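Here is the structure we will look at, set down as structure tokens.
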Amino acid sequence: GENVEQHPSTLSVQEGDSAVIKCTYSDSASNYFPWYKQELGKGPQLIIDIRSNVGEKKDQRIAVTLNKTAKHFSLHITETQPEDSAVYFCAASMGGFKTIFGAGTRLFVKA
Amino acid sequence: EAEVAQSPRYKITEKSQAVAFWCDPISGHATLYWYRQILGQGPELLVQFQDESVVDDSQLPKDRFSAERLKGVDSTLKIQPAELGDSAMYLCASSWGGTANTEAFFGQGTRLTVV
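Taken in sequence, the protein lines are chains X and D. Residue 1 is where the first sequence starts when you use my numbering, and the numbers rise one by one after that. Residue 1 is where the second sequence starts when you use my numbering, and the numbers rise one by one after that.
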């Protein structure tokens, strides 16, 4: 079955710097890769996603890249702000089925 | 803005008791998911519905857990009997469904504590 590994588990950056979180997946059949932000006591919130027919997608300060050959995908946050502090999860699925989440990255943005 | 509704937000129960969680997905969403999230870990899929049908319950501990979505709208997840190891956040999510509409939206979750 699918396995998703996420690194780092904790990331601390200075406000205004960039943050990068990386994930790898094992099943080449996976074709949908969402990223979620989870704040304390709340459910995960979808922030960006990418499908296997696209190499990169950007939405304001957030971007995601996908390397299908290497089975890697990454989340990039530029110009980080204190409100970006949260836990971020990557996930991989086959068209919305068999969704597997990574273990999460706790991001701290220091003001 | 449409949201996935879950209740209760918090539940404390004694081991061996029965407990139930309710979820109302975003209107029109055909796919409904139940996830379990242990503190410090990512969500783990328990069961996935397409309308009223179960399409994946491979990770659901069927000896004690059950889930239903009788009319293809809201859903109930039940645990009987509850065990100490069931303490976790139970999350419901929904999506329009189909391979092209996979964006899933989560509710606030139900925090279960088994004592």
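Positions of the beta carbon are idealized from the N, C-alpha and C atoms, including for glycine. All values derive from a computational prediction rather than experimental measurement.
Interface flag for P43/D against chain X is set, since a Cβ pair is found closer than 8 Å.
In this structure, the straight-line span from the alpha carbon of R61/X to that of F101/X is close to 23 Å. Taking CB atoms only, D56/D has a neighbour in chain X less than 8 Å away.
T110/D is classed as buried because its beta carbon has at least 16 other beta carbons within 10 Å across all chains shown. Within the region 67-109 of chain D, the complete beta strand (DSSP E) segments of 3 residues or longer fall at 75-79, 88-95, listed in chain order. Residue range 53-56 is occupied by the beta strand (DSSP E) that includes D56/D. E2/X sits close to D27/X, with the two beta carbons spaced by under 8 Å.
Judged by DSSP in its simplified three-state form, E83/X adopts helix. In the three-state reduction of the DSSP assignment, V54/X falls in the coil class, being assigned neither a helical nor a strand state. CA-to-CA, the gap between E83/X and K98/X works out to about 31 Å.
The continuous beta strand (DSSP E) containing N67/X extends over residues 62-67.
Take M89/D, set aside five residues on each side of it, and the residues of its chain with a beta-carbon closer than 6 Å to its own are Q37, G109, R111, in chain order. A straight-line Cα-Cα distance of about 42 Å links L75/X and S16/D.
For A103/X, the nearest CB of chain D lies under 8 Å from its own CB, placing it at the interface with that chain. Under the DSSP assignment, K37/X falls in the beta strand (DSSP E) whose first and last residues are 32-38. By the criterion of a C-beta distance shorter than 7 Å, S30/X is surrounded in its chain by E2, A92, S93, M94, once the five residues flanking it on both sides are discounted.
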